[in-house]
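Engineer:
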Amino acid sequence: MSPRGCHASVSMGGGAWCIVLRRATSNPPPAAACPREERGTLHPFSIGIASLWVSTCWSSRQSPPAAPLSPSNPTPAAATSLAAVPLPTTSHIPQPSTSHIAESKDKTKHDADGSCGSNYEGPSGGMEVEAARRLFARSRDLKFEYENLVSDGDANSYKAVLAMNNGNGPYQDTKVTKLECINHVQKRLGTRLRKLREQEKVDTITKTGSKIRRSLLGGRNKLTDTAIDKMQSFFGKHIRDNVGADYITMKKAVMSSFHHIFSTDEKPRHGLCEEGINSWCFFQKALAEGKNREEIKHKKSLVVNLDQEAQNKIRQVYDALTTKDILER
């Protein structure tokens with residue numbers, strides 16, 4: 110993703126200000142004028158509560174460099190680590206107002222033409238950690254306390270924040286909570302299902318006598334990429350639709366999609382799916398329209414036909430990603 114793409118992907122409700130750590134000299138898109146109060150310097154309250162979001166993207170599709178960037182080790186691929194803060198003071202802010210701000214001694218300034226130089230040296234994996242650490246370290250000076258940290262599943266940024274002040278955390282008297290990014294959890298499902306499919310292979314003999322390794326879970330009407338994408342989409346949808354709900358409600362909604370995907374004409378499994386005419390589930394929607402259960406047919410192209418043992422292995426992936434600890438975040 111390019112810096113512009115990463116810039117545009119920060120679609121959080123309310124206003125935002127951000128810090129950008131750059132590991133290369135390529136320029137980001139021009140920065141729009143950013144009001145001082147949206148940079149966190151002149152808030153009308155003594156200590157504000159906000160959340161911090163961190164992510165890293167690359168300005169080209171090339172692989173990240175193996176060695177840290179330096180003048181002697183240039184690379185055409187530029188990494189940008191973005192730490193953005195959604196603000197509670199505005200109800201809506203257009204995308205261009207999430208400005209690119211270069212880290213400097215005067216932390217409230219950014220270049221008028223939007224040009225930022227490199228302000229980080231080290232491995233790409235440390236960029237998000239450093240962005241989070243810098244922002245937490247200076248937050249109280251800027252009248253903020255970050256109550257939440259939104260980052261991906263490896264939690265390195267969160268661990269680094271908790272390790273501040275000799276392990277007492279950034280504020281010592283205020284707990285910082287790690288929130289899961291729904292997109293990251295959703296993608297983790299797809300990643301784990303594809304990994305499971307690759308692991309479950311056996312040696313088979315083809316009609317021509319050749320010996321090959323074939324996936325027990327792959328193949329037509331099985332765990333195809335299309336099926337995984339659909340499962341991943343359902344997974345994210347049900348979490349988003351139930352944000353704020355209790356754990357049992359959210360878990361039930363997420364697991365409804367697991368049973369839905371394995372449902373067949375012979376064995377419908379839509380008991381956990383949302384009921385009513387507006388249901389996302391075609392089966393429940395048809396029932397609400399007055400059709401008999403026997404009349405409702407499953408599209409063969411959408412059926413995932415796997416035996417119970419294989420379904421149990423997939424269920425384990427779902428269970429691992431729907432623990433109380435994860436869903437409550």
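For what it's worth, the working numbering labels the leading residue of the sequence shown as 110, then goes sequentially.
Cβ atoms here follow ideal geometry from the backbone N, Cα and C, with glycine treated the same way.
Small disclaimer: the values here were computed from a predicted structure and weren't measured.
(1) How big is the Cα-Cα spacing for Arg301 and Lys406?
(2) Below 8 Å, can you find three or more Cβ-Cβ pairs linking the segment 360 to 378 to the segment 309 to 328?
(3) Can you tell me where the alpha helix (DSSP H) with Glu383 in it begins and where it stops?
(4) Rounded to whole angstroms, what's the CA-CA distance from Tyr255 to Val285? Just pull it up for me.
(5) In whole angstroms, what is the alpha-carbon distance linking Gln204 and Lys361?
(6) Which residue from Cys390, Asp250, Asn265, Gln281 puts its Cα closest to that of Ala241?
(7) Less than 8 Å between the beta carbons of Ile460 and Glu309, yes or no?
(8) Where His347 and Phe245 are concerned, what is the direct C-alpha to C-alpha distance, given to the nearest angstrom?
(9) Should Ile337 be labelled buried (16 or more other beta-carbon atoms within 10 Å of its own) or exposed?
(10) Just the Cα atoms here: how many angstroms apart are Lys408 and Ile423?
(11) Note down the Cα distance separating Lys339 from Gln295, rounded to an integer number of angstroms.
(12) Short check: CB of Phe367 to CB of Cys382, under 8 Å?
(13) Within 10 angstroms of the Cβ of Thr283, are there 16 or more other Cβ atoms? Answer buried if so, exposed if not.
(14) Would you mind reading off the limits of the beta strand (DSSP E) that contains Ile321?
Structural biologist: In terms of the structure at hand:
(1) Residue mapping note: residue 301 aligns to position 192 of the sequence shown, counting from 1. Residue mapping note: residue 406 aligns to position 297 of the sequence shown, counting from 1. Pairing Arg301 with Lys406, the inter-Cα distance amounts to about 30 Å.
(2) no
(3) The residue you call residue 383 lines up with position 274 of the sequence shown. Note, Glu383: premise wrong, no alpha helix (DSSP H); not H, not E.
(4) For the purposes of this step, residue 255 is taken as the residue at position 146 of the sequence shown. For the purposes of this step, residue 285 is taken as the residue at position 176 of the sequence shown. Whole-angstrom Cα-Cα distance: 7 Å.
(5) Taking the first residue of the sequence shown as 1, we reach residue 204 at position 95. Taking the first residue of the sequence shown as 1, we reach residue 361 at position 252. Because the pLDDT at Gln204 is just 34, under 50, the model does not fix this residue reliably, and the value given afterwards should be weighed accordingly. Approximately 35 Å, taken between the alpha carbons.
(6) Indexing the sequence shown from 1 puts residue 241 at position 132. It is Asn265.
(7) An answer regarding residue 460 cannot be provided, because it is not within the stretch 110 to 438 covered by the chain.
(8) As a working note, residue 347 is residue 238 in the sequence shown. As a working note, residue 245 is residue 136 in the sequence shown. The straight-line gap from Cα to Cα measures roughly 32 Å.
(9) The residue labelled residue 337 in the question sits at position 228 within the sequence shown. Ile337 comes out buried.
(10) The count along the sequence shown starts at 1 and reaches residue 408 at position 299. The count along the sequence shown starts at 1 and reaches residue 423 at position 314. Their Cα atoms are separated by approximately 21 Å.
(11) The sequence position of residue 339 within the sequence shown is 230, counting from 1. The sequence position of residue 295 within the sequence shown is 186, counting from 1. Near 11 Å, if we compare the C-alpha coordinates of Gln295 and Lys339.
(12) Sequence index remark: in the sequence shown, residue 367 carries index 258 (1-based). Sequence index remark: in the sequence shown, residue 382 carries index 273 (1-based). No, Cβ-Cβ distance for Phe367 and Cys382 is not below 8 Å.
(13) By one-based count along the sequence shown, residue 283 stands at place 174. That one is exposed.
(14) Within the sequence shown, numbered from 1, the residue matching residue 321 stands at position 212. Counting along the chain, the beta strand (DSSP E) containing Ile321 begins and ends at 320 to 324.
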